[in-house]
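Just so you know, my numbering puts 121 at position 112 of the sequence shown, and the rest follows in order with no gaps. Here the structure is laid out as structure tokens; the discussion comes afterwards.
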Amino acid sequence: MATLLGKHINLRALEPTDLEFLFACENNESFWEISSTQTPFSKYILQKYIENSHQDIYEAKQYRFVICDTENIAVGMIDLFDFNPQHKRVGLGILLTSENQHKGYGSEALEMIIDYAFTHLHVHQIFANITSDNFNSISLFEKFNFIKTGEKKDWIFSNNNFKNELLYQLIRNTNEH
Numbered sequence: 010m011a012t013l014l015g016k017h018i019n020l021r022a023l024e025p026t027d028l029e030f031l032f033a034c035e036n037n038e039s040f041w042e043i044s045s046t047q048t049p050f051s052k053y054i055l056q057k058y059i060e061n062s063h064q065d066i067y068e069a070k071q072y073r074f075v076i077c078d079t080e081n082i083a084v085g086m087i088d089l090f091d092f093n094p095q096h097k098r099v100g101l102g103i104l105l106t107s108e109n110q111h112k113g114y115g116s117e118a119l120e121m122i123i124d125y126a127f128t129h130l131h132v133h134q135i136f137a138n139i140t141s142d143n144f145n146s147i148s149l150f151e152k153f154n155f156i157k158t159g160e161k162k163d164w165i166f167s168n169n170n171f172k173n174e175l176l177y178q179l180i181r182n183t184n185e186h
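Here you go:
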């Protein structure tokens with residue numbers, strides 16, 4: 010699918026060979042804050058997750074893409090979640106491993122997934138939930154014209170502190186349909 014092939018990266022489905030990468034990401038405590046995880050995942054559970062990842066987004070209401078570089082090495086993941094075809098909206102989350110941040114992968118992945126969501130899923134809007142101290146993500150989403158439309162006070166409890174969570178939305182111009 011050309012929509013998911015970029016100049017420096019591509020977005021692809023989870024493969025059985027992604028088990029070690031998924032295990033490392035899902036069990037990295039620094040990512041738990043954004044995934045609302047509090048306990049580690051076993052390889053068995055993640056293997057079952059990969060085996061069931063073939064479910065259609067219309068059935069599962071979510072879909073995870075692996076972000077790969079030009080050598081097909083996984084550098085991160087980008088998720089569509091809370092897909093609601095009735096109301097034509099989908100949530101979006103992105104995770105890049107620390108060594109793969111600030112290389113342009115996030116921008117390219119976001120550009121591709123926005124195109125995919127509007128073109129193939131026919132959504133009217135894409136939303137993202139970002140903690141108020143995640144300046145890299147805020148900058149990335151604002152670069153693609155996501156607008157901050159709300160703030161949930163003391164929404165995330167992490168490292169013995171409460172953090173605010175910001176709601177960002179990208180609403181498709183109705184003239185573009």
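Beta carbons: idealized from backbone N, C-alpha and C, even for Gly. Everything numeric in this text was worked out from a predicted model, so none of it was measured.
Whole-Å CB distance - Thr-118 paired with Ile-165, under 8 Å assumed:
What you label residue 118 is simply residue 109 of the sequence shown in a count that begins at 1. What you label residue 165 is simply residue 156 of the sequence shown in a count that begins at 1. For the sequence presented, residue 118 should be read as Ala rather than Thr. Their Cβ separation, rounded to whole angstroms, is 23 Å, which puts Ala-118 and Ile-165 out of contact at 8 Å.
Based on DSSP bridge pairs, tell me the residues matched to Arg-73. Looking up residue 73 in the sequence shown gives position 64. Residue pairing by DSSP places Arg-73 opposite Asp-88 in a beta bridge.
Item checked: Those residues which DSSP pairs with Ala-83 across a bridge -> The residue you call residue 83 lines up with position 74 of the sequence shown. DSSP links Ala-83 through a beta bridge to Cys-77.
- request: Measure from the alpha carbon of Phe-155 to the alpha carbon of each residue in Ile-139, Ser-107 and Asn-168, then state which is nearest.
  value: As a working mapping, residue 155 is identified with position 146 in the sequence shown. It is Ile-139 whose Cα lies nearest to the Cα of Phe-155.
Based on Cα-Cα distance, which residue from His-17, Ser-62 and Leu-149 lies nearest to Leu-31?
-> Within the sequence shown, residue 31 is the residue found at index 22, counting from 1. Out of His-17, Ser-62 and Leu-149, Ser-62 has the C-alpha closest to the C-alpha of Leu-31.
Verify whether the separation of the beta carbon atoms of Val-132 and Thr-106 is less than 8 Å. The count along the sequence shown starts at 1 and reaches residue 132 at position 123. The count along the sequence shown starts at 1 and reaches residue 106 at position 97. No, they are not a contact pair.
Q. With 16 other CB atoms within 10 Å as the buried threshold, where does Asn-169 fall?
A. Counting from 1 along the sequence shown, the entry for residue 169 is found at position 160. By the C-beta density criterion, Asn-169 is exposed, having fewer than 16 other C-beta atoms within 10 angstroms.
| What residue does the beta strand (DSSP E) around Glu-108 start on, and which one ends it? | Residue mapping note: residue 108 aligns to position 99 of the sequence shown, counting from 1. For Glu-108, no beta strand (DSSP E) run applies, since DSSP gives it neither H nor E.
I need the DSSP call for Gln-134, collapsed to helix, strand or coil. Mapped onto the sequence shown, residue 134 falls at position 125. The answer is strand: DSSP assigns Gln-134 an E or B state.
Item checked: Opposing strand residues paired with Arg-98 [DSSP bridges] -> Taking the sequence shown and counting its residues from 1, the one referred to as residue 98 is at position 89. Arg-98 has Asn-93 and Gln-134 as its beta-bridge partners, per DSSP.
Check: So, are the CB atoms of Asn-81 and Gln-110 less than 8 Å apart?
Finding: Within the sequence shown, numbered from 1, the residue matching residue 81 stands at position 72. Within the sequence shown, numbered from 1, the residue matching residue 110 stands at position 101. The Cβ atoms of Asn-81 and Gln-110 do not sit closer than 8 Å to each other.
#### Entry: Touching by the beta-carbon criterion (3+ pairs, under 8 Å), the stretch 118-129 and the stretch 21-31
By the criterion of at least three beta-carbon pairs nearer than 8 Å, the stretch 118-129 is not in contact with the stretch 21-31.
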